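**Student:**
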Amino acid sequence: MADKTLTTRDVVSRLESGMIIGIGGWGSRRKPMALVREILRSDLKDLTIVSYGGPDVGLLCAAGKVKKVVFGFVSLDSIALDPHFRAARQKGAVEVAEYDEGMLQWGLYAAGIRLPFLPTRAGLGSDVLKHNPDLKLVQDPYGTEQLVAMPPLRLDAALVHMNRADAQGNGQFLGPDPYFDDLYCLAADQAFMSCERIVPTAELSAAGHSATIKINRQLVTGVVETPNGAHFTSCAPDYERDEAFQREYVKAAGDPQAWSNFEKRYLSGTEDDYQAAVAARAEEVA
Numbered sequence: 066m067a068d069k070t071l072t073t074r075d076v077v078s079r080l081e082s083g084m085i086i087g088i089g090g091w092g093s094r095r096k097p098m099a100l101v102r103e104i105l106r107s108d109l110k111d112l113t114i115v116s117y118g119g120p121d122v123g124l125l126c127a128a129g130k131v132k133k134v135v136f137g138f139v140s141l142d143s144i145a146l147d148p149h150f151r152a153a154r155q156k157g158a159v160e161v162a163e164y165d166e167g168m169l170q171w172g173l174y175a176a177g178i179r180l181p182f183l184p185t186r187a188g189l190g191s192d193v194l195k196h197n198p199d200l201k202l203v204q205d206p207y208g209t210e211q212l213v214a215m216p217p218l219r220l221d222a223a224l225v226h227m228n229r230a231d232a233q234g235n236g237q238f239l240g241p242d243p244y245f246d247d248l249y250c251l252a253a254d255q256a257f258m259s260c261e262r263i264v265p266t267a268e269l270s271a272a273g274h275s276a277t278i279k280i281n282r283q284l285v286t287g288v289v290e291t292p293n294g295a296h297f298t299s300c301a302p303d304y305e306r307d308e309a310f311q312r313e314y315v316k317a318a319g320d321p322q323a324w325s326n327f328e329k330r331y332l333s334g335t336e337d338d339y340q341a342a343v344a345a346r347a348e349e350v351a
């Protein structure tokens, strides 16, 4: 079986401006932040981001990389809204398609199994249809009920983060929830998985039930080992969300000079520089 190991730079070199990129995880939980930070260092622009969003969406909006966001929410979990996304939306700096969480799931699944749409009750009776006038209703062919026809959310590329993976691209979550990372990979033309640690395949089965090996190698184009690569989001049980750092991120977003200082300290160098700055900060506040 092929060795699919790559670097973060290798992954981003395979992406292009204008792509539709799905980002796994959930809010401020298990986001592939090392890959997101590599995009920040690149020349990529005009991206459409599909995400149950968190700081992945916020940072990319702040850097001017985003043309459109397709989302169920953009939240930092313990903080209701990502400040950069809120600012971008209030200014009309990005296009948006806001769906019910279940609709987003159904759109990824429809893309993954190559269907033109999937029927759902999600979105009925809400303003989702008002704000997405391109959505259509279909009638149950066996009855009279009207349902939303959720179109496929086909992705040019997917980025996900797992606790463990092997070099062939099998990915394992060890926390409480797989989220929809497998659907992102299924819906994408190419899927890139970062992980806390690459291990021999046998260790995946030893570490947890086979059901925790959620990402099948056949769906994965490349795998990258990025220890602490989900920071500042959580990657339980390896680590929880860095709440203090998240508060610093939000506070800095509210002031241009503070944000410039934040970028200079944390986002101006390599991933190793970022991790070193995070470690230094942790010592300062200890």
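In my numbering, the protein residues as written are 66 to 351. Think of the CB as a built atom: it goes at the ideal place given N, C-alpha and C, for glycine as much as any other residue. The structure presented is a predicted model; accordingly, all values stated were derived computationally and were not measured.
#1: Considering only the alpha carbon of each residue, which of R229, A127, G167 lies closest to E117?
#2: Is R94 closer than 9 Å to D142 when the C-beta atoms are compared?
#3: For the beta strand (DSSP E) containing T73, name the first residue and the last one.
#4: What are the boundary residues of the beta strand (DSSP E) that L180 is part of?
#5: Closest by CA to I85, which one among K132, K69, G119, D108?
#6: Counting contacts by CB-CB distance shorter than 9 Å, is K133 in contact with chain B?
#7: With a Cβ-Cβ cutoff of 9 Å, do H226 and G119 count as a contact?
#8: I'd like to know if the stretch 320-330 and the stretch 279-287 are in contact, where contact means that at least 3 CB-CB pairs between them fall below 8 Å.
#9: Quick check on DSSP: helix, strand or coil for I114?
#10: Given a cut-off of 9 Å on the beta-carbon distance, is the pair A176 and P217 in contact?
#11: Helix, strand or coil: which one does DSSP assign to R219?
#12: Among the candidates L71, V134, M98, whose CA atom is the shortest distance from the CA of G83?
#13: Excluding five sequence neighbours on each side, which residues of the same chain lie with their C-beta closer than 6 Å to the C-beta of Q279?
#14: Going by CA-CA distance only, name the one from E336, D320, F297 that's closest to A347.
#15: Please report the straight-line C-alpha distance between A267 and G188, rounded to a whole angstrom.
#16: Could you give the C-beta distance for I88 and I114, rounded to a whole number, given that I count them as a contact under 8 Å?
#17: Can you list, in chain order, the residues of its chain whose CB lies under 8 Å from that of R306, leaving out five sequence neighbours each side?
#18: Taking the alpha carbon of T70 as the reference point, which residue from A341, T291, D303 has its own alpha carbon closest?
#19: How long is the line joining the alpha carbons of D337 and I104, rounded to whole angstroms?
#20: Within this structure, are the beta carbons of A222 and Y174 separated by less than 9 Å?
#21: Go ahead and pull the three-state DSSP assignment for K156.
#22: Do F257 and V289 have their C-beta atoms within less than 9 Å of each other?
#23: Among R151, G240, L180, which has the Cα closest to the Cα of G319?
#24: Count the other CB atoms within 10 Å of the CB of D231; is the residue buried (16 or more) or exposed (fewer)?
#25: Classify L125 as helix, strand or coil using the three-state DSSP reduction.
#26: Under the rule that 16 or more other beta-carbon atoms within 10 Å means buried, what is V350, buried or exposed?
#27: Classify R186 as helix, strand or coil using the three-state DSSP reduction.
**Tutor:** So, to answer that:
#1: Counting from one through the sequence shown, the residue named residue 117 turns up at place 52. For the record, residue 117 in the displayed sequence is Tyr; it is not Glu. That would be G167, whose Cα lies nearest to the Cα of Y117.
#2: Within the sequence shown, the letter at position 77 stands for residue 142. Within the sequence shown, the letter at position 29 stands for residue 94. Cβ atoms of D142 and R94: closer than 9 Å.
#3: On the sequence shown, residue 73 is found 8 positions in, with the first residue counted as 1. That residue, T73, is in no beta strand (DSSP E); its alpha helix (DSSP H) goes 73-78.
#4: What you label residue 180 is simply residue 115 of the sequence shown in a count that begins at 1. It is not in any beta strand (DSSP E) - L180 carries neither H nor E in the DSSP assignment.
#5: Here residue 85 refers to the residue found at position 20 of the sequence shown. Comparing Cα positions, the closest option is K132.
#6: The chain labelled as chain B is not found in the depicted structure, where only one protein chain is given.
#7: Translated into the one-based positions of the sequence shown, residue 226 becomes position 161. Translated into the one-based positions of the sequence shown, residue 119 becomes position 54. No, the pair does not count as a contact, with Cβ atoms beyond the cut-off.
#8: no
#9: Residue 114 sits at position 49 when you count from the first residue of the sequence shown. In this structure, I114 counts as strand in the three-state DSSP scheme.
#10: Numbered from its first residue, the sequence shown carries residue 176 at position 111. Numbered from its first residue, the sequence shown carries residue 217 at position 152. Yes.
#11: Here residue 219 refers to the residue found at position 154 when the sequence shown is read from its first residue. Residue state, collapsed to three classes: coil.
#12: Here residue 83 refers to the residue found at position 18 of the sequence shown. Checking every option, the nearest Cα to that of G83 belongs to V134.
#13: Translated into positions along the sequence shown, residue 279 becomes position 214. The displayed chain sequence assigns Lys, not Gln, to residue 279. Within the same chain, K279 has close Cβ partners F238, P243, D247.
#14: Residue 347 sits at position 282 when you count from the first residue of the sequence shown. A347 has its Cα closest to that of F297, out of E336, D320, F297.
#15: Residue mapping note: residue 267 aligns to position 202 of the sequence shown, counting from 1. Residue mapping note: residue 188 aligns to position 123 of the sequence shown, counting from 1. Going by the C-alpha atoms only, they are around 43 Å apart.
#16: Position 23 of the sequence shown, counted from the start, is the residue given in the question as residue 88. Position 49 of the sequence shown, counted from the start, is the residue given in the question as residue 114. That belief holds up - the Cβ atoms of I88 and I114 are roughly 6 Å apart, short of 8 Å.
#17: Walking along the sequence shown from the start, residue 306 turns up at place 241. Hits under 8 Å: S93, R94, D142, S143, F297, T298, S299.
#18: Translated into positions along the sequence shown, residue 70 becomes position 5. The shortest Cα separation from T70 among A341, T291, D303 belongs to T291.
#19: Position 272 of the sequence shown, counted from the first residue, corresponds to residue 337. Position 39 of the sequence shown, counted from the first residue, corresponds to residue 104. Answer to the nearest angstrom: the Cα atoms are 15 Å apart.
#20: Within the sequence shown, residue 222 is the residue found at index 157, counting from 1. Within the sequence shown, residue 174 is the residue found at index 109, counting from 1. Contact: no.
#21: Along the sequence shown, one-based indexing puts residue 156 at 91. If DSSP states are grouped into helix, strand and coil, K156 belongs with coil.
#22: Indexing the sequence shown from 1 puts residue 257 at position 192. Indexing the sequence shown from 1 puts residue 289 at position 224. The answer is yes: Cβ separation under 9 Å.
#23: The residue you call residue 319 lines up with position 254 of the sequence shown. Nearest C-alpha to G319: R151.
#24: Within the sequence shown, residue 231 is the residue found at index 166, counting from 1. Buried, since its Cβ has 16 or more Cβ neighbours within 10 Å.
#25: Counting from 1 along the sequence shown, the entry for residue 125 is found at position 60. L125 falls in the helix class under three-state DSSP.
#26: Here the question's residue 350 lines up with position 285 in the sequence shown. Exposed, because fewer than 16 other Cβ atoms sit within 10 Å of the Cβ of V350.
#27: Here residue 186 is taken as the residue at index 121 of the sequence shown, counted from 1. If DSSP states are grouped into helix, strand and coil, R186 belongs with coil.
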